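Input: a single structure, listed below in structure tokens.
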Amino acid sequence: MSKILVTGGAGFIGSTLVDKLIAEGHRVAVIDDLSSGREDYVNPAAKFYRADIGSSEIEEIFKSEKPESVYHLAAQIEVPKSMADPVRDNRINVLGGLNILENCRRHGVKKIIFSSTGGAIYGDAEEIPTTESFPPYPVSFYGIHKLTFEKYLNCYYQVYGLDYTILRFANVYGPRQFKGGEAGVIAIFIDNAVKGSASVQYGDGRQTRDFVYVDDVVRALSLSKDIECRGEINIGLGSETSLLDIRRDIEKALGQPIIVKEAPAKEGEQRRSCLNCQRAKNVLDWEAAVNLEEGIKRTIAWAKSRIAQDL
Ligand SMILES: NC(=O)c1ccc[n+]([C@@H]2O[C@H](COP(=O)([O-])OP(=O)(O)OC[C@H]3O[C@@H](n4cnc5c(N)ncnc54)[C@H](O)[C@@H]3O)[C@@H](O)[C@H]2O)c1
2 MSKILVTGGA GFIGSTLVDK LIAEGHRVAV IDDLSSGRED YVNPAAKFYR
52 ADIGSSEIEE IFKSEKPESV YHLAAQIEVP KSMADPVRDN RINVLGGLNI
102 LENCRRHGVK KIIFSSTGGA IYGDAEEIPT TESFPPYPVS FYGIHKLTFE
152 KYLNCYYQVY GLDYTILRFA NVYGPRQFKG GEAGVIAIFI DNAVKGSASV
202 QYGDGRQTRD FVYVDDVVRA LSLSKDIECR GEINIGLGSE TSLLDIRRDI
252 EKALGQPIIV KEAPAKEGEQ RRSCLNCQRA KNVLDWEAAV NLEEGIKRTI
302 AWAKSRIAQD L
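Just remember that this note's numbering sits 1 ahead of the position in the sequence shown, which is counted from 1.
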């Protein structure tokens with residue numbers, strides 16, 4: 002059992018991770034400002050602190066919790082919002098993260114695990130599937146800020162010996178996903194479809210993404226605390242799926258057509274994205290276990306149960 006702090010632990014991936022860490026027998030504390038997360042997602046066995054990662058309250062939390070490891074997932078996750086207000090995105094994703102790092106350094110944290118992005122960080126990469134060694138040139142401020150924080154992690158290790166691992170997630174989907182999110186397309190399409198409402202498709206639908214199910218991502222996060230790998234690890238399914246294919250897969254799983262309106266592509270959006278996940282296999286002994294068909298089925302079942310409970 003160890004003492005673990007999870008920032009963003011009321012969010013989609015963070016709350017699923019907290020459930021897993023608690024099931025593994027760890028003592029978990031959560032920091033989240035609930036800007037997109039929900040308190041009812043936080044496992045009742047975790048200690049919950051409602052706080053902004055950039056605030057001075059963080060110091061008190063580190064003092065009283067004394068975590069051995071930290072998972073840093075709190076973030077502004079919407080690419081379009083980062084384009085509309087890069088200063089705010091920087092304040093949360095760089096300065097907020099830096100406040101967490103400073104507290105890790107001051108309060109004896111041994112390791113920090115960071116949820117970076119394997120989508121926005123590589124920009125429009127020529128190498129598909131993209132490996133971790135491909136030089137990242139993000140085409141969004143969100144991607145730049147994730148990359149910047151990766152560099153801080155490496156510097157904190159070199160200067161202060163704070164251990165770290167970076168996971169670069171593909172497009173994560175599954176139950177509890179925030180529907181305004183970076184990778185929310187499956188969540189949005191499914192939520193609207195089960196309610197009988199229309200979804201908006203930005204661009205021609207031929208843009209591709211690598212979609213990975215949340216339980217697979219959380220398994221990779223859990224494995225990361227026990228390994229020695231100071232570097233970046235892609236976490237994805239390793240296959241490329243277009244939005245048009247996603248629409249078809251959801252329709253197939255639902256057994257009915259979904260209503261989709263078309264709109265121009267968003268600023269900062271990439272055309273193609275797919276990750277080479279060989280390093281995850283080598284270092285973490287991890288590969289995705291849930292295929293798209295199964296993941297979509299599970300997400301639809303969850304969305305229907307939420308509607309039945311009127312949540
Ligand atoms: N969902 C994806 O496909 C995806 C892909 C790549 C990377 N990521 C990264 O994974 C992490 C989790 O993303 P998610 O999809 O679960 O999103 P999410 O929005 O559900 O989770 C983010 C959480 O951070 C909290 N938060 C935001 N700003 C905060 C602040 N200033 N102080 C404290 N808490 C704050 C939110 O309330 C939310 O609970 C993020 O770092 C995101 O960048 C996600």
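Ideal Cβ placement from N, Cα and C applies to all residues, glycine included. Being a predicted model, the structure only gives us computed values, none of them experimental.
Straight-line gap, residue i to residue j (C-alpha atoms, nearest Å)
i: Asn292; j: Gly97; result: 34 Å
i: Ile251; j: Cys105; result: 42 Å
i: Gly9; j: His73; result: 7 Å
i: Ala76; j: Asn94; result: 6 Å
i: Leu238; j: Gly256; result: 25 Å
i: Phe190; j: Ile259; result: 8 Å
i: Val71; j: Lys112; result: 6 Å
i: Glu294; j: Gln159; result: 43 Å
i: Cys156; j: Ile62; result: 24 Å
i: Leu154; j: Tyr165; result: 7 Å
i: Thr300; j: Pro130; result: 25 Å
i: Leu163; j: Lys82; result: 31 Å
i: Lys64; j: Phe150; result: 23 Å
Cβ separation of residue i and residue j, assumed to be a contact under 8 Å, to the nearest whole Å
i: Thr209; j: Cys275; result: 7 Å
i: Val219; j: Lys21; result: 5 Å
i: Ile23; j: Tyr50; result: Their Cβ separation, rounded to whole angstroms, is 16 Å, which puts Ile23 and Tyr50 out of contact at 8 Å.
i: Ala281; j: Ile236; result: 6 Å
Status (buried if at least 16 other CB within 10 Å, exposed otherwise) for residue i
i: Ile297; result: buried
i: Glu183; result: The predicted position of Glu183 is uncertain, since its pLDDT is 47 and thus under 50; no value can be drawn from it.
i: Asp34; result: buried
i: Gly109; result: exposed
i: Ala290; result: exposed
i: Arg248; result: buried
i: Asp211; result: buried
i: Ile308; result: exposed
i: Ala302; result: exposed
i: Asp205; result: exposed
i: Ala188; result: buried
i: Asp217; result: buried
i: Lys267; result: exposed
i: Glu263; result: exposed
i: Glu128; result: exposed
i: Ser37; result: buried
i: Gly12; result: buried
i: Gln1; result: Examination of residue 1 is not possible in this model, given that the chain is present from 2 through 312 alone.
i: Ser16; result: buried
Looking at C-beta atoms only, is the number of pairs between the region 190 to 202 and the region 219 to 226 that lie closer than 8 Å three or more? no
Count the CB pairs spanning the region 116 to 129 and the region 157 to 171 that are closer than 8 Å, and state whether there are at least three. yes
Spell out a yes or no on whether the region 84 to 97 and the region 139 to 149 are touching, meaning 3 or more CB-CB pairs, one atom from each, closer than 8 Å. yes
For the 8 Å Cβ check, are there 3 or more pairs between the region 31 to 46 and the region 237 to 244? The answer is no - the region 237 to 244 does not touch the region 31 to 46, with fewer than three Cβ pairs under 8 Å.
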